[in-house]
Amino acid sequence: MAETDIRPTNFIRQIIDKDLDSGLHSQIYTRFPPEPNGFLHLGHAKSICLNFGLAQDYQGKCNLRFDDTNPEKENIDYVNAIKDDVHWLGFAWEGKERYSSDYFDQLHGYAVELIEKGLAYVDFSTQEEMREMRGTLTSPGKESPYRNTSPEENNAIFEKMTQGEYKEGECVLRAKIDMTSPFMCMRDPVIYRVKFAHHHQTGDKWCVYPMYDFTHCISDALEGITHSLCTLEFQDNRRLYDWVIDNISIDCTPRQYEFSRLNLEYTVLSKRKLIQLVEENHVDGWDDPRMPTIAGIRRRGYTPASVREFCKRIGVTKMDNIIEMSMLEACIRDDLNENASRAMAVLEPVKVVIENFPEDGLEMLTAANHPNDESKGTRELPFTKEVFIEAEDFKEEANKKFKRLVLGKEVRLRNAYVIKAERVEKDEAGNVTTIYCTYDSETLGKDPADGRKVKGVIHWVSATKGVEAEIRLYDRLFNVPNPAAEDDFAAAINPESLVIKHGVVEPSLLEAEEGKAIQFERTGYFCKDRTSTETRPVFNRTVGLRDTWAKIAG
RNA sequence: UGGGGUAUAGCCAAGCGGUAAGGCAGCGGGUUUUGAUCCCGCCAUUCGUUGGUUCAAAUCCAGCUACCCCAGCCA
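Residue numbering for the first sequence follows full-length UniProt numbering, starting at 1 and increasing by one per position.
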């Protein structure tokens, strides 16, 4: 797509520029560190574009590292899905993917180092006791009775812990920092806990697993990361990040910088909530086209370039934000307007009989695949005596603002002839079932010779040659702008987020490639879904066209 | 009530002591065999607020206000 020439200038680039100018670093090294406990979503896309984008722009490197320190919540399926999604977005990580678990041996060694320095101890307090002794936001904590155990004894106990001699929850390893710190995370944080869990990478080798705060900074340092970027909620944790690096024998000093996470109107971007949507079957899996997951928007028809452009347009700051859907939609429309081939599809068909067209007549018309790009070629369009048009494109009576088919008036069939509505046939309920028209055979590819003006153009599909199709129209998943702020966000799900239409599409669409964007003229951008069959295609609407008429008409 | 952060248009976002970029949305108009696209124009005398410094302040200083985050053996 024609990507905008927005020149990213953000506070992180300023820091990097400074670090490069001062010679602190000669090359930058970033990393994207997801926990494999769910699918990636648009919030991750922001982080991916930031981390990999920075590495590209500054000719540095970027790792993909799975932050896999909690085996109970993680699995290999998520690992694979995440790798696919990063690739789909168009990025390649440095070397092989990394895992925090690659460093479990080293991490354990650093824990022992802290113990030997008297900077870590094993605590046998219960979770309840630990919480009480931690104090509150406004009152200091109290020191644990286990805090002054000797390094020798701690070492022996930690060794037993590692050997599986203590039960889960019986004890933890804590860093000895400051129980009165105003930073809650510095009040002797737990750095290792006992977990008899099978790990997707290390199997049953370990029964103690390091905590995030202890693991992340060391993993960064071991990989030579220069700029460790994460979201705002980790700002306090930076003190612990630095404390660990400062207190162990490691010669690399990565720096952590925090940016605000992405919030998007009418959806949720928290893994916990997305997992809930999937598990409670509010949606049809992680790749449901209504989901803000990478897998979901991909199936919906979003392109990698449009997502990258979106991330570029929203910028990177420390401000809390909630982005309007229109921002995302503008990005995909810009891409698809330029790149999607056009076709015709009728979502809500009503029959038109062209009375002065031969009974079994068949004319193959030629239509351009793109109005502004001849290189996209043309296609054949069968024109027959009976065609379908969109029910909403006909009215028995209407004022002149209605530029469509009206009884007694003319309209152009897109890529075909001008027709005139002569009379209608209705069912008992009064619904129009057939519109009888005549066509002007001299208007193919040209205006009427007598100079009469026909301003309306509507789309159509041959009734006899068209193909029946299921067309899925998606709308916002929630009907409130900020569902995360609801007491029960699932109660705010939009019951009309999926509307299924049984329409008719032009025959060329039978060969449409799965996932490839097509514009159904006048209605929107669509792509064939993976649930299509040989004879009955299924199309997902990616996004509608801008519709100023709908605004005028209410 | 402790600490860490953030305040520039409806939504994002530049700006870094010299007189408010850009995008999205919106509003006018033009072209058009998609009410699309495209094109043209409009859209902050003012930067949360109150004071101060300065020839000059969104930018520096002080106070105030609002909002977000932190009391997992989650990340």
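We put the CB at the ideal spot given by N, CA and C, even for glycine.
Whole angstroms are fine: how far does the CA of residue j sit from the CA of residue i?
i: Ser-181; j: Leu-107; result: 25 Å
i: Ser-26; j: His-87; result: 27 Å
i: Glu-359; j: Lys-385; result: 6 Å
i: Ala-45; j: Gly-554; result: 35 Å
i: Val-190; j: Tyr-99; result: 21 Å
i: Val-411; j: Gln-519; result: 21 Å
i: Asp-529; j: Arg-299; result: 7 Å
i: Thr-535; j: Glu-513; result: 14 Å
i: Asp-19; j: Leu-229; result: 15 Å
i: Met-130; j: Ser-144; result: 8 Å
i: Glu-116; j: Ile-218; result: 18 Å
i: Leu-24; j: Gln-256; result: 15 Å
Based on the DSSP secondary-structure assignment, which residues constitute the bridge partners of residue i?
i: Cys-437; result: Ile-354, Ala-421
i: residue 562; result: The question about residue 562 has no answer here: the residues shown for the chain are numbered 1 through 554.
i: Ala-305; result: Looking at the DSSP assignment, Ala-305 forms no beta bridge with any residue, so it has no partner.
i: Thr-533; result: The partner list for Thr-533 (beta bridge, DSSP) is empty, contrary to what the question assumes.
i: His-199; result: Gly-203
i: Ala-175; result: Ala-120
i: Tyr-99; result: Phe-66
i: Gln-127; result: Paired residues: none, contrary to the question.
Locate the beta strand (DSSP E) running through residue i, then write down its first and last residues.
i: Glu-386; result: 386 to 390
i: Asp-123; result: 120 to 123
i: Thr-215; result: Thr-215 -> not in any beta strand (DSSP E); alpha helix (DSSP H) instead, spanning 212 to 223.
i: Ala-368; result: 362 to 368
i: Trp-88; result: Careful: Trp-88 lies outside any beta strand (DSSP E), inside the alpha helix (DSSP H) at 76 to 88.
i: Arg-65; result: 61 to 66
i: His-227; result: 227 to 231
i: Glu-258; result: 255 to 259
i: Gly-503; result: 498 to 505
i: Ser-462; result: 460 to 462
i: Phe-11; result: No beta strand (DSSP E) contains Phe-11, which is instead part of the alpha helix (DSSP H) from 11 to 21.
Quick one, are the C-beta atoms of residue i and residue j less than 8 Å apart?
i: Tyr-417; j: Tyr-436; result: no
i: Phe-539; j: Arg-476; result: no
i: Asn-415; j: Ala-484; result: no
i: Pro-214; j: Cys-207; result: Per the sequence presented here, residue 214 reads as Phe, with Pro not at that position. Not closer than 8 Å, so no.
i: Thr-303; j: Ile-332; result: yes
i: Leu-274; j: Met-291; result: yes
i: Asp-284; j: Ser-306; result: no
i: Gln-201; j: Asp-68; result: yes
i: Val-353; j: Thr-434; result: yes
i: Arg-342; j: Ser-508; result: no
Terminal residues of the continuous alpha helix (DSSP H) containing residue i?
i: Leu-328; result: 325 to 339
i: Tyr-110; result: 104 to 116
i: Thr-548; result: 548 to 553
i: Gln-235; result: Where Gln-235 is concerned, there is no enclosing alpha helix (DSSP H), given that its DSSP letter is neither H nor E.
For my contact list, residue i and residue j are in at a C-beta cut-off of 8 Å; report their separation, rounded to the angstrom.
i: Ala-492; j: Phe-478; result: 5 Å
i: Lys-465; j: Pro-382; result: 4 Å
i: Ser-249; j: Glu-113; result: 6 Å
i: Arg-31; j: Ile-225; result: 5 Å
i: Arg-261; j: Leu-232; result: 7 Å
i: Ala-391; j: Leu-407; result: Not really, about 15 Å apart at Cβ, beyond 8 Å.
i: Ile-64; j: Glu-97; result: Here residue 64 turns out to be Leu, not Ile, going by the sequence shown. That belief holds up - the Cβ atoms of Leu-64 and Glu-97 are roughly 5 Å apart, short of 8 Å.
i: Ile-314; j: Met-325; result: That belief does not hold up - the Cβ atoms of Ile-314 and Met-325 are roughly 12 Å apart, past 8 Å.
i: Ala-120; j: Arg-174; result: 6 Å
i: Asp-57; j: Ala-295; result: The Cβ separation is near 27 Å, so there is no contact.
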